[in-house]
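Chains as they are written, first to last, in full-length UniProt numbering: chain A, 1 to 88; chain B, 1 to 88.
Below is one structure; the comments refer to it alone.
2 protein chains.
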Amino acid sequence: MSADFLGYLAGMITTFSGLPQLLTSYRRRNLSGLDLRFLVLFLVGISLWTIYGILIDSKPIIIFNSITLLIWIPILGLKIREQRAERG
Amino acid sequence: MSADFLGYLAGMITTFSGLPQLLTSYRRRNLSGLDLRFLVLFLVGISLWTIYGILIDSKPIIIFNSITLLIWIPILGLKIREQRAERG
């Protein structure tokens, strides 16, 4: 197994690991266990990774991190909506 | 801002974004909103990133992903414990 293949595999798995979280969060609307600061920091970090990928012109870094953003931004949205509803 | 600096910043923020999640999960023992499949897949992916870092001898990739493992393995442990307790 080449290092590159392992890198793509790692990227795929970490990127799509967010999908079951998005589906569960969307279906059950229970994000109480998810920490808002984690979600915000994680998305800031992933955004910086995407910009970094653009700067060094690395397609895998751009693609994997853009998909991660697409998966986790809705999760953040659901979390914010839950917290607003709790505050009434 | 150099690309390298941005990469380290992105790595730091995404790595340590897990800390507030670990603290919240540990204190409140409420991981109901966290999806077990996400946690398992995420840790598999991060483990592969760490091995990838070793293969290409990239210290930042090794360090950041090892710290991420140290943060998220206890969260997985808390989640498994919670699910076992629910099953009684």
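Glycine included, each C-beta is placed from N, C-alpha and C at the ideal position.
- Using a Cβ-Cβ cut-off of 7 Å, A/I62 does not count as an interface residue toward chain B, since no Cβ of chain B sits closer than that to its own.
- Look at the stretch 42 to 58 of chain B: the residues with a C-beta under 7 Å from a C-beta of chain A are F42, V44, G45, I46, L48, W49, I51, Y52, L55 and I56.
- Excluding sequence positions up to five before and after A/I71, its CB lies within less than 7 Å of the CB of G18, L19 and L22, all in the same chain and listed in chain order.
- A Cβ of chain A is located within less than 7 Å of the beta carbon of B/T14.
- Between B/Y52 and A/A10, the C-beta gap is smaller than 7 Å, which places the two residues in contact.
- A/G77 counts as exposed, since fewer than 16 other C-beta atoms from the protein chains shown sit within 10 angstroms of its C-beta.
- Chain-order list of chain A residues neighbouring B/R37: P20, by C-beta distance under 7 Å.
- Listed in chain order, the non-local C-beta contacts of B/W49 below 7 Å within the same chain comprise I61 and N65, local neighbours out to five positions each way being set aside.
- Nearest to A/S47 by alpha-carbon distance, out of A/D35, A/I63 and A/L34, is A/I63.
- Contacts with chain A at 7 Å (Cβ-Cβ) do not include B/T68.
- Residue-level contact by beta carbon holds for A/L6 and chain B, with a gap shorter than 7 Å.
- B/A85 is outside the set of residues whose beta carbon lies under 7 Å from a beta carbon in chain A.
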